[in-house]
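Take a look at the structure below.
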Amino acid sequence: MWPDAGPWSALPANAHLIAISVFGGYVLFGLKLAEHFMRAAADKMPLRRYVVCFSALFVVLPVLGGSMTAIYLMNGDKLSPILALQAGLTSPAIVQSLIIAAAHSVSKNSAPAAHSGQ
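In terms of the numbering used here, the sequence shown opens at residue 8 and continues consecutively.
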């Protein structure tokens, strides 16, 4: 019927795992929202900034979780539902650590070197 779609062919049969990891992204969003309410008033950002940040997180975290699970599945990995949930919860942390590592690498390479004569 359909020609072999390569790694994409693993996704329709495992749509339930992708949905579980998207749910994990929404759980993480809920945790971030709860963290906001636990902060002291002095530590909070202005309301407008929170609306923008949380609107973006509401979209990005579930998409990131689902994407990470889709990548695992396309790679041929076997996932259980609990592992899909974990991927949804932890994929933003993995991406965040990669971004931080890249930023540190760029800042070390672009920082001016001190000369001994200065």
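Where a beta carbon is used, it is the ideal one built from N, C-alpha and C, also for glycine.
Fair warning: this is a prediction, and the values are worked out from it, not measured in the lab.
Please work out which residues of its chain come closer than 6 Å, Cβ to Cβ, to residue i, disregarding the five sequence neighbours upstream and downstream, and give them in chain order.
i	result
P69	V29, G32, Y33
G95	S28, G31, G32, G72
P99	L68, L71
Let me know if residue i comes out buried or exposed under the rule of 16 or more other beta-carbons within 10 Å of its beta-carbon.
i	result
A91	buried
G37	exposed
M8	No answer about M8 holds up, because its pLDDT of 47 lies below 50 and its placement is not dependable.
S104	exposed
M52	exposed
K115	exposed
L35	buried
A77	buried
For residue i, I'd like the list of residues in its chain whose CB is within less than 8 Å of its CB, leaving aside the five on either flank, ordered along the chain.
i	result
Q93	G31
V126	This structure cannot speak to residue 126, because the chain is shown only from 8 to 125.
D84	none
Please name the residue in the options whose C-alpha comes closest to that of residue i.
i	options	result
A17	A49, Y79, S112, A109	Y79
Return the chain-ordered list of same chain residues with a C-beta closer than 7 Å to the C-beta of residue i, the five sequence neighbours on each side being excluded.
i	result
A20	none
Using 8 Å as the cut-off, can you tell me whether the segment 72-83 makes contact with the segment 15-26, which would need three or more C-beta pairs spanning the two stretches below that distance? In short, these stretches touch, since the Cβ pair count reaches three.
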